[in-house]
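Count along the sequence shown from 1, then add 1296; that gives the number in the working numbering.
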Amino acid sequence: MNYFSSNFKLGILGGGQLGKMILYHTRKYDIHTCVLDPSKDAPARLACDEFSVGDLLDYETVVNFGKQVDILTIEIENVNVEALEALEKEGVKVYPSAKTLRTIQNKANQKLFYRDHDIPTADFSRFAHTSEIEDAVDNGGLDYPFVWKSARFGYDGQGVKVVRRYTDLVDLPNVECIAEDLIPFKNELAVIVARNSKGHLKTYPVVEMEFHPEANQVEYVICPARIPDNIAKKAELVALKAAAAFEHVGLLAVEMFQTENDDIIVNEVAPRPHNSGHYSIEASYTDQFEQHLRCILGLPLGNTDSKVAGVMVNLVGAEDHTGNVLYKNIEDIMAMDGVTPHIYGKKQTRPFRKMGHVTIVNKDINKAREIAENVKRTIEVISE
1297 MNYFSSNFKL GILGGGQLGK MILYHTRKYD IHTCVLDPSK DAPARLACDE
1347 FSVGDLLDYE TVVNFGKQVD ILTIEIENVN VEALEALEKE GVKVYPSAKT
1397 LRTIQNKANQ KLFYRDHDIP TADFSRFAHT SEIEDAVDNG GLDYPFVWKS
1447 ARFGYDGQGV KVVRRYTDLV DLPNVECIAE DLIPFKNELA VIVARNSKGH
1497 LKTYPVVEME FHPEANQVEY VICPARIPDN IAKKAELVAL KAAAAFEHVG
1547 LLAVEMFQTE NDDIIVNEVA PRPHNSGHYS IEASYTDQFE QHLRCILGLP
1597 LGNTDSKVAG VMVNLVGAED HTGNVLYKNI EDIMAMDGVT PHIYGKKQTR
1647 PFRKMGHVTI VNKDINKARE IAENVKRTIE VISE
């Protein structure tokens, strides 16, 4: 099929920052794109050929949008899976598949999938409602501490809480959830696996993630991860095993823990471009967004090697600020060597909202991490 300067149409469900960054490459290759997002102010609205406002969870909206395109992809998991299944039956190519999304959308199903496919993960218990957890503890079926996770609609630190005592359960929503063993770990790692529609596979280097202690959001992504080669190889093999089990087409970001005993266990996966791959825009031969396009269009996969060491810093809204956004001291960070800010185009900031990211590249990973610390101290995402 001719994708370039042709009548071919690529549909993207979701018009947030990931959609916007995919569109950098559809513009480069002159691929006609249609984007659906609930917000008329979505960041991706300006770079696509056709922009539609609509609810991604509404069956009719998604089906009607999907009928207009040749290939449909996502930049967010929370979409109507029944609509995707109907589109697949009508011959629309959907990547990742509805089957993959149905499994990944629900954390309880995702964890059962790992168990069924012998993919290492923390032990867990599944509950129809959070209120059932107290009984499980009283009956000796569950012990503190554990990690509570909402089965649906958790993202960016939402829907996850470490429960150390009864009082930690009080304010949690009464929803389907899992209680997962709290695993002592040395590092949080991630590997992005690229698989195209012809089954060809490549992995990006293992990255190390440092989290904000309060917001439970990634604060720094460091590539390459500062871990021994044998641990990196183990992480890569676990990621490849997960990708093979899902038989996905596109990118699969596999988040993992390196335990105190140097075992690698899967935390969760995302079947799309991912925060842990943003460093690749400046640091890799082929960034994750171009690679996602290559995957879903069945094109040859690009080189996943890094040209240079990279660190990514998330720009999130300051805690006490809500309103029109102001990037304070952005000129100061732009004066630093190897520093590139990416602004997502969200006009309104609120505490911990992802508003952009900054990439720092340097031949020396430790120097890059040092500059990243300076960037974090300098720039502030505040309201006017």
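Ideal Cβ placement from N, Cα and C applies to all residues, glycine included.
Computed from a predicted model, the values in this text were never measured in an experiment.
Under 9 Å, do residue i and residue j count as touching if we go by C-beta distance?
i: Gly-1713; j: Thr-1369; result: For the chain, the structure presents residues 1297 to 1680; residue 1713 sits outside this window and is missing.
i: Glu-1476; j: Phe-1409; result: no
i: Gly-1619; j: Glu-1680; result: yes
i: Asp-1366; j: Thr-1357; result: no
i: Glu-1504; j: Cys-1519; result: yes
i: Arg-1568; j: Leu-1314; result: yes
i: Val-1274; j: Ile-1667; result: Any property of residue 1274 remains undetermined from this structure, which presents the chain solely from 1297 to 1680.
i: Gly-1360; j: Gln-1401; result: Looking at the sequence shown, residue 1360 is not Gly but Asn. Not in contact: Asn-1360 and Gln-1401 (Cβ atoms no closer than 9 Å).
i: Ile-1661; j: Asp-1628; result: no
i: Val-1458; j: Leu-1485; result: no
i: Val-1456; j: Gly-1450; result: yes
i: Leu-1536; j: Leu-1497; result: yes
i: Asn-1405; j: Ala-1432; result: no
i: Lys-1336; j: Val-1349; result: yes
Around the C-beta of residue i, are 16 or more other C-beta atoms found within 10 angstroms, so that it is buried, or is it exposed?
i: His-1425; result: exposed
i: Ser-1572; result: buried
i: Asn-1376; result: buried
i: Arg-1341; result: buried
i: Gly-1436; result: exposed
i: Ala-1631; result: exposed
i: Asn-1599; result: exposed
i: Pro-1339; result: buried
i: His-1413; result: exposed
i: Asn-1492; result: buried
i: Glu-1586; result: buried
i: Ser-1301; result: exposed
i: Lys-1603; result: exposed
i: Pro-1647; result: exposed
i: Asp-1601; result: exposed
Using DSSP's beta-bridge definition, name the partner residues of residue i.
i: Glu-1676; result: Lys-1624
i: Ile-1560; result: Gln-1554
i: Ala-1566; result: Ala-1549
i: Ile-1667; result: BP columns for Ile-1667 are empty, so no partner.
i: Pro-1637; result: Val-1654
i: Gln-1454; result: Note: Gln-1454 sits in no beta bridge, so no partner.
i: Asp-1477; result: Phe-1442
i: Ala-1605; result: Asn-1658
i: Val-1612; result: Lys-1650
i: Val-1459; result: Phe-1442
i: Lys-1305; result: His-1328
i: Ile-1370; result: Leu-1309
i: Gln-1644; result: Asn-1620
i: Ser-1421; result: Ala-1475
i: Ser-1580; result: Ser-1602
What number of angstroms, rounded off, separates the C-alpha of residue i from the C-alpha of residue j?
i: Tyr-1462; j: Asp-1354; result: 37 Å
i: Phe-1553; j: Cys-1591; result: 27 Å
i: Asp-1467; j: Gly-1387; result: 45 Å
i: Phe-1542; j: Tyr-1299; result: 26 Å
i: Lys-1650; j: His-1508; result: 13 Å
i: Leu-1547; j: Asp-1434; result: 42 Å
i: Glu-1428; j: Leu-1319; result: 45 Å
i: Ile-1415; j: Ala-1528; result: 17 Å
i: Gln-1584; j: His-1617; result: 31 Å
i: Lys-1642; j: Glu-1430; result: 40 Å
i: Ala-1490; j: Val-1545; result: 8 Å
i: Leu-1589; j: Lys-1316; result: 13 Å
i: Lys-1305; j: Lys-1324; result: 15 Å
i: Val-1621; j: Ala-1343; result: 21 Å
i: Val-1635; j: Glu-1472; result: 42 Å
i: Leu-1611; j: Asn-1483; result: 22 Å
i: Leu-1562; j: Val-1487; result: For the sequence presented, residue 1562 should be read as Val rather than Leu. If I take the Cα positions, the gap works out to 11 Å.
i: Leu-1380; j: Thr-1399; result: 13 Å
i: Thr-1655; j: Ala-1664; result: 9 Å
i: Tyr-1516; j: Ala-1579; result: 15 Å
i: Leu-1597; j: Lys-1494; result: 10 Å
i: Arg-1673; j: Met-1297; result: 49 Å
i: Ala-1605; j: Asn-1658; result: 6 Å
i: Lys-1474; j: Asp-1439; result: Looking at the sequence provided, one finds Ile at residue 1474 rather than Lys. When rounded, the distance between both Cα atoms is 13 Å.
i: Asp-1559; j: Thr-1329; result: 42 Å
i: Val-1671; j: His-1653; result: 11 Å
i: Asn-1470; j: Arg-1422; result: 13 Å
i: Asp-1525; j: Glu-1564; result: 23 Å
i: Glu-1556; j: Pro-1637; result: 35 Å
i: Phe-1481; j: Ala-1539; result: 23 Å
i: Thr-1582; j: Pro-1441; result: 42 Å
i: Lys-1389; j: Asn-1303; result: 16 Å
i: Val-1609; j: Gln-1513; result: 11 Å
i: Gln-1454; j: Phe-1347; result: 28 Å
Sequence ranges, alpha helix (DSSP H) only - wholly within the region 1319 to 1355, length at least 4: Whole alpha helix (DSSP H) segments, 4+ residues: zero.
Minimum length 3: unbroken beta strand (DSSP E) runs contained in the region 1482 to 1562: The DSSP assignment places 1497 to 1499, 1503 to 1507, 1514 to 1519 and 1546 to 1555 as complete runs of the beta strand (DSSP E) inside the region 1482 to 1562, in order along the chain (cut-off: 3 residues).
Length-filtered (4 minimum) alpha helix (DSSP H) runs lying within the region 1379 to 1416: The qualifying runs are 1394 to 1401 and 1403 to 1412.
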